[in-house]
Each structure stands twice: as C-alpha cells, then as structure tokens.
Amino acid sequence: MKKYKLNSNHKKIIADTLTPVSAYLKLRDLFPNSLLLESSDYDGRTNNYSYICCNPISTISIKNNDLKITYPDGKNIIKKNLKNNEIPKQIESFSKKFDCKKYKYKFITNGLFGYIAHEAVSYFEKIKLNKKKKDLEIPDIYYAVYKNIIAISLFSHEAHIFSHNFNEDDNLNQIERVLKTSKITKYNFKKSGKELSNLTDNQFIDFVNKGKKHCYRGDVFQIVLSRRFSQNFTGDEFNVYRALRSINPSPYLFFFDYGNFKIFGSSPEAQLIIENKKAEIHPIAGTFKRTGNDKKDKETAIKLSKDPKENSEHVMLVDLARNDLSRNGTNIIVEKNREIQFFSHVIHLVSKVTGKINKNSKTFQVVADTFPAGTLSGAPKHKALQLIDLYEKNARNFYGGAVGYMDFYGNFNHAIIIRSFLSKNKNLYYQAGAGIVSDSVPENELQEVYNKLGALNKALIYAEKI
Numbered sequence: 007m008k009k010y011k012l013n014s015n016h017k018k019i020i021a022d023t024l025t026p027v028s029a030y031l032k033l034r035d036l037f038p039n040s041l042l043l044e045s046s047d048y049d050g051r052t053n054n055y056s057y058i059c060c061n062p063i064s065t066i067s068i069k070n071n072d073l074k075i076t077y078p079d080g081k082n083i084i085k086k087n088l089k090n091n092e093i094p095k096q097i098e099s100f101s102k103k104f105d106c107k108k109y110k111y112k113f114i115t116n117g118l119f120g121y122i123a124h125e126a127v128s129y130f131e132k133i134k135l136n137k138k139k140k141d142l143e144i145p146d147i148y149y150a151v152y153k154n155i156i157a158i159s160l161f162s163h164e165a166h167i168f169s170h171n172f173n174e175d176d177n178l179n180q181i182e183r184v185l186k187t188s189k190i191t192k193y194n195f196k197k198s199g200k201e202l203s204n205l206t207d208n209q210f211i212d213f214v215n216k217g218k219k220h221c222y223r224g225d226v227f228q229i230v231l232s233r234r235f236s237q238n239f240t241g242d243e244f245n246v247y248r249a250l251r252s253i254n255p256s257p258y259l260f261f262f263d264y265g266n267f268k269i270f271g272s273s274p275e276a277q278l279i280i281e282n283k284k285a286e287i288h289p290i291a292g293t294f295k296r297t298g299n300d301k302k303d304k305e306t307a308i309k310l311s312k313d314p315k316e317n318s319e320h321v322m323l324v325d326l327a328r329n330d331l332s333r334n335g336t337n338i339i340v341e342k343n344r345e346i347q348f349f350s351h352v353i354h355l356v357s358k359v360t361g362k363i364n365k366n367s368k369t370f371q372v373v374a375d376t377f378p379a380g381t382l383s384g385a386p387k388h389k390a391l392q393l394i395d396l397y398e399k400n401a402r403n404f405y406g407g408a409v410g411y412m413d414f415y416g417n418f419n420h421a422i423i424i425r426s427f428l429s430k431n432k433n434l435y436y437q438a439g440a441g442i443v444s445d446s447v448p449e450n451e452l453q454e455v456y457n458k459l460g461a462l463n464k465a466l467i468y469a470e471k472i
C-alpha cells in the first residue's frame, strides 16, 4: 500500500496572552476551513489542551455510498455505489495512508479530524433509510488530514505548532507570526425572522404517544424521538459559538468550518473514546432541569437519582453500551454507574462503560459497531432506528452523529453531536429529542426537549450582544 510521507516539524511558543478563541479568530481568515476543538473539562494533568487545525491536505468524503478521496499529491479517487460493509474498511485504509513523525506528547499531534452524520448508520447496520426525506445535503462522513495542528495548553500557557508537510517547506514561522499579531477581525451576529420548527408541540406529543405504543407492544424498550428547529441569521455565527461555550461549558466544544456549512456545539457526551486499545462509552440518560438555586438543584438531583423512569431508561442504555463494546472487546466493565453530574441548564445521570479491544479489531470497525449512541436512538438499537426513520420528518444529518479525531495509530475521541448547530445558507439548524419509555408522560417529554434547547436559545440571544 502506497503511503504518503509527511515531513513533520514542531515549534513551541509561550502562549500566556493567547486564548483558543483569539488564536482561531487570527487564523481563520488566512486559512479557510479551519477547525477549533476545546474542552471545559480539564485539569493540570490531563485534558488541558485546545486545538486548531488548518490547511487541509487530504480528505475523504462519503455521501449516498459514493466515496471521494483527495490526496496531498493532487490525486483524486472517486468510487461509486460502494457496498455498505466496504465503508469502514475504506476509512480505516485512508487513516493508514500517512506516515509522519510520532511525537511522545500526550496531546494530539496528527490524524484525521471530522464527523460522522446520523445517516452513516446505514453503512454500519443492515438498515434501509428513507432517502426521500428532506436533507441538509452534507456528506454522511467527512474527515481531513491537516498540515497544521496548533495545540494550546490552558495550564502551562504554551502553544505547540505542528507542520506536516508533503513535498513543501514547513510554515511554522508564518503561523507563529499570525498568532503573535494583535489584529483580530470580528463581525456581528443578528437573528433574522422567527424561529421555525418542523413539528408543533401537539405533533411532538403525538410522536411521544406513538413511541409509547411501541414500548407497550414490546417493539422497543425505549426510543429517542426528536424535533428540529431553525433560525435565519445575518453576520457571523462564530459569535453563537462564543456565546454557547460561555453559557454551556462542556467537555466537548467544537467549531468545524467546511466552507459552505459549519458544525459547532457544546456537547456533554462522548460518542466513543479509544486510547491504547481501551474503549470507553459514557452513557448520559436521565435529565432534570436546573433551577438556578444550588440548594434546590441538590434536592432535584436527589429526586433524579430516585426517579424510576429516568433510572430504568439509564440502565437500558448502560446495558446497550456493554453490548456494543462486547462486539469487539472483552473485560467489559461499568466503571461508573449513574453518577449525578451538573451542567449549565440540566442535571444528568452519567455512567462509564469500558472494555479492552480485541487484538484483531480495527478502530473504525469498533466505531461502526457502536454507532450511533444508544442515548440518541434507543433500545434495542436496530428497531429504534427503524422507528426513528419511520416517524421523523427530516433526515437527522448532523444531529446524533459524532465529531472529533482519529489519530494515525488507532486512538479515537468523538463527541455526540448534541447541544449543537449546523449552519448553512445563513440558517442555523438545531435539534433535541426525548427518551420515550412505556410510562412516559408526553408533556414531560416535550419539556425535556425545551430543557435541552435552553442553552442554545440563550446563546442565540447572547450572540447578538457580543
């Protein structure tokens, strides 16, 4: 197999006056289609780096079983009508096409950055989706290899600049000059017109009742049905991201710019983490709204921990995570079970399920066998996905998908795309769902959707004031 040799160079600079947001604002106009990844869940020892990726040199894109690859030497490959089971192999093969220096840092220095849309499940499971639904026309899967990765430490106040070059000189000095400039170009953001939704409240309540009937009949134990909202705007949607990261700090903050569309958000939940052949899934299920009063929130958390409906839903999804990991792993353990965690607008029950990946299992096959998250589909997953496709009006596209990175050595870390926006043609699209079980109260499930959208709606308002 031909490999592309990337000549990797590295430079470390002091970054005590640099923030990830200011660095991104300095770089984005000079280097279009750049990415920003941050986290509010860090400490001095572990997860304290933010990343900016710019200058894509190779890409892989899949839509409706058609594959397109661009390589650093300008070579393009197009394959039409690939069989579903070929897709994970194609992505795994693409990730092995690159050879570059392996640094000993614990943070990200190379790899593929991108996303997997919900509809990609048709490549991973024996399921036929309705392709006549309204679609936002984005790739089902998209990854890129970037020439430049900038890792900014929020603890040691350092920035590490990497340049992975193919038959060209590095641009470390250019990146450093841009980062050290004081010039930042910012624009305003303004909502235009009213918020729209693809369902009324009554229609969503009807959804819930249909979901309950399937639970009563035993078709599923739980199903996650969602509704989409949209908001027209003028100006710069990056202000919405800035507002959201302030209002709703989360373990996964991301702004991925692909030119004609952007995906950005503040997700609390990992889709899948693989590090040194150990896999992790962190099911989040069970949601109560925060009150803004710490004492009342503690009382609410106790109620959540004892709520039969929320706990039964959570247990089902922990079992589903165990089952998903067992397809490619052993020693499956629930390391944390139903922990109470407080987020900006809601309180969640959170667990941690881990397993050791089998020696012969490939990273992207593990991804395929655990996608999408049970917390965004239901249980049993296959039947829940069929019912979601039957009832939801629009293709989910970004919603319930996954976004993040996979390095050249098989490590993988993606967030579930929730509490997130897709921006296209001056419209912002956002979506939320509710986990429906047999004893769900329809009005409560409707309120759960609005609770989950709380941070997004506040971000839209706050973004106009930045």
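Under the numbering used here, the letters of the sequence shown match residues 7 to 472, in that order. Glycine included, each C-beta is placed from N, C-alpha and C at the ideal position.
Please work out which residues of its chain come closer than 7 Å, Cβ to Cβ, to residue 368, disregarding the five sequence neighbours upstream and downstream, and give them in chain order. Excluding sequence neighbours, residue 368 sits near 98.
Helix, strand or coil at residue 123 according to DSSP, with G and I counted as helix: The answer is coil: DSSP assigns residue 123 none of H, G, I, E or B.
With distances taken Cα to Cα, identify the nearest neighbour of residue 409 among 453, 326, 270 and 383. Nearest C-alpha to residue 409: 270.
Counting Cβ pairs closer than 8 Å, one from the region 399-409 and one from the region 257-272, do we hit at least three? Touching, yes, given that three or more Cβ pairs across the two stretches are closer than 8 Å.
Would you check whether the ligand ZN has a heavy atom nearer than 7 Å to the C-beta of residue 348? In the structure on display, the ligand ZN does not appear, and there are no ligands present to speak of.
DSSP-derived helix/strand/coil call for residue 382: DSSP places residue 382 in the helix class (H, G or I) of the three-state scheme.
What's the C-alpha gap between residue 22 and residue 159? In this model, residue 22 and residue 159 are separated by some 9 Å (Cα to Cα).
Roughly how many angstroms lie between the CA atoms of residue 299 and residue 151, to the nearest whole one? Going from the Cα of residue 299 to the Cα of residue 151 covers about 45 Å.
Leaving aside the five residues before and after residue 334 along the sequence, list all residues of the same chain whose C-beta is less than 7 Å from its C-beta, in chain order. Counting only Cβ-Cβ distances below 7 Å, and skipping sequence neighbours, we find 363, 364, 367, 371, 372 and 375.
Helix, strand or coil: how does DSSP classify residue 187 here? Three-state result, residue 187: coil.
So, at 8 Å on beta carbons, what are the nonlocal neighbours of residue 352 in its own chain, with the 5 sequence-adjacent residues on each side left out? The answer, listed in chain order, is 293, 294, 295, 296, 457, 458 and 460.
Let's see if you can read the secondary structure: which residues bound the alpha helix (DSSP H) around residue 327? Boundaries of the alpha helix (DSSP H) harbouring residue 327: 314-332, taken from the DSSP string.
Which word fits residue 58, buried or exposed, when buried means at least 16 other C-beta atoms lie within 10 angstroms of its C-beta? Buried, because 16 or more other Cβ atoms sit within 10 Å of the Cβ of residue 58.
Using CA coordinates, which residue listed in 244, 417, 436 and 442 is at the minimum distance from residue 469? If we check each option's Cα against that of residue 469, 244 comes out closest.
Where residue 287 and residue 194 are concerned, what is the direct C-alpha to C-alpha distance, given to the nearest angstrom? About 38 Å.
Does residue 29 come out as helix, strand or coil in the three-state DSSP assignment? If DSSP states are grouped into helix, strand and coil, residue 29 belongs with the helices.
Alpha carbon to alpha carbon, how far is residue 471 from residue 246? Their Cα atoms are separated by approximately 10 Å.
Status (buried if at least 16 other CB within 10 Å, exposed otherwise) for residue 50: Because the pLDDT of residue 50 is 45, which lies under 50, any placement of that residue in the model is unreliable, and the number read from its coordinates should be weighed accordingly. In the assembly as shown, residue 50 is an exposed residue. Its beta-carbon has fewer than 16 other beta-carbons within 10 Å.
Could you tell me the boundaries of the alpha helix (DSSP H) in which residue 94 lies? In this chain, the alpha helix (DSSP H) harbouring residue 94 covers 92-101.
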